[in-house]
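Engineer: Have a look at this one.
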Amino acid sequence: MSFKEIKEKTKGGIFSVIRCKDYELGLKMAEKVIESGINIIEITYTVEGAGKLIKELKRKYPDKVIGAGTVLELNQAEEAVENGADFVVTPCIVEEVAAYCKKNDVFFSMAAATTTEMFKAYKMGSEVIKLFPGEFVDSKIIKSLKGPFPFLEFMPTGGVNDENINEWFENGAYAVGVGGYLTKGINFDNLDLLEERAKRLVNALK
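For the sequence shown, this note's numbering begins at 2 and goes up steadily by one.
See below:
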């Protein structure tokens with residue numbers, strides 16, 4: 002899908018950030034989240050074999066939006082896209098990744114923490130700014146930022162949970178990224194807990 006198609010498809014959505022080291026655990030986490038009703042999966046490049054995992058998830062769930070996160074190198078972005086990634090997310094501004102995604106019509110979101118970084122990311126083609134780390138700011142910051150930057154869209158990531166997810170959207174979030182709330186402390190023995198957390202997020206938005 003194109004940049005525009007993925008941007009439209011992810012509006013108002015939850016980017017479920019799968020962060021762990023083990024490939025099999027990452028696969029099980031993603032499956033549980035999808036079964037819970039979340040349709041956007043972000044496989045971070047801290048997962049061993051992240052590119053392979055993206056390919057496997059796209060094979061199993063072709064109708065879901067599966068992408069790559071914590072992308073810091075051009076070769077990671079290239080590998081992810083070659084394996085079918087629908088999007089790329091970076092934890093900071095990575096110029097070569099932005100250029101690659103823009104050239105190949107791949108939806109991407111770069112993280113920024115200052116207004117200078119936000120505008121720079123936007124000028125590089127990141128139409129949705131990853132507001133990171135989200136736990137250090139109030140949800141009302143989005144309305145404040147849209148004063149001087151009405152053309153920017155924001156995806157707060159970090160600190161988003163079932164109790165505040167609606168506040169973020171009410172204050173203008175384009176989408177939200179949820180990682181630690183879902184995956185903290187999760188292992189092969191307590192995957193049902195991950196499913197419960199994911200369902201709470203989905204139900205909070207109803």
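Note that CB positions come from ideal geometry on N, CA and C, so glycine has one too.
(1) Spell out a yes or no on whether the stretch 74-84 and the stretch 119-131 are touching, meaning 3 or more CB-CB pairs, one atom from each, closer than 8 Å.
(2) Where ILE39 and LEU183 are concerned, what is the direct C-alpha to C-alpha distance, given to the nearest angstrom?
(3) Residue range of the beta strand (DSSP E) that GLY181 falls in?
(4) Can you grab the Cα-Cα spacing for the pair THR45 / THR91, in whole Å?
(5) Roughly how many angstroms lie between the CA atoms of GLU6 and PHE16, to the nearest whole one?
(6) What is the residue span of the beta strand (DSSP E) that THR11 lies within?
(7) Can GLU36 and GLY68 be called in contact, C-beta distance under 8 Å?
(8) Between LEU54, TYR62, LYS104 and ASP64, which lies nearest to LEU75 when the distance is taken from Cα to Cα?
(9) Taking the beta carbon of PRO157 as the centre, do at least 16 other beta carbons fall within 10 Å, making it buried, or is it exposed?
(10) Check this for me: beta carbons of LYS207 and ASN172, under 8 Å apart or not?
Structural biologist: Taking the structure as given:
(1) Segments in contact, no.
(2) Across the structure, ILE39 and LEU183 are spaced so that their CA atoms are roughly 12 Å apart.
(3) Element bounds for GLY181: not the beta strand (DSSP E) but the alpha helix (DSSP H), 181-184.
(4) Put simply, the backbone Cα of THR45 is about 9 Å away from that of THR91.
(5) Between GLU6 and PHE16, the C-alpha separation is close to 16 Å.
(6) Taken as a continuous stretch (DSSP letters only), THR11 belongs to no beta strand (DSSP E), being part of the alpha helix (DSSP H) at 4-11.
(7) In this structure, GLY68 does not lie closer than 8 Å to GLU36 by Cβ.
(8) Taking only the C-alpha atoms, the option nearest LEU75 is LYS104.
(9) Counting Cβ neighbours within 10 Å, PRO157 comes out buried, since at least 16 surround it.
(10) The Cβ atoms of LYS207 and ASN172 lie no closer than 8 Å to each other.
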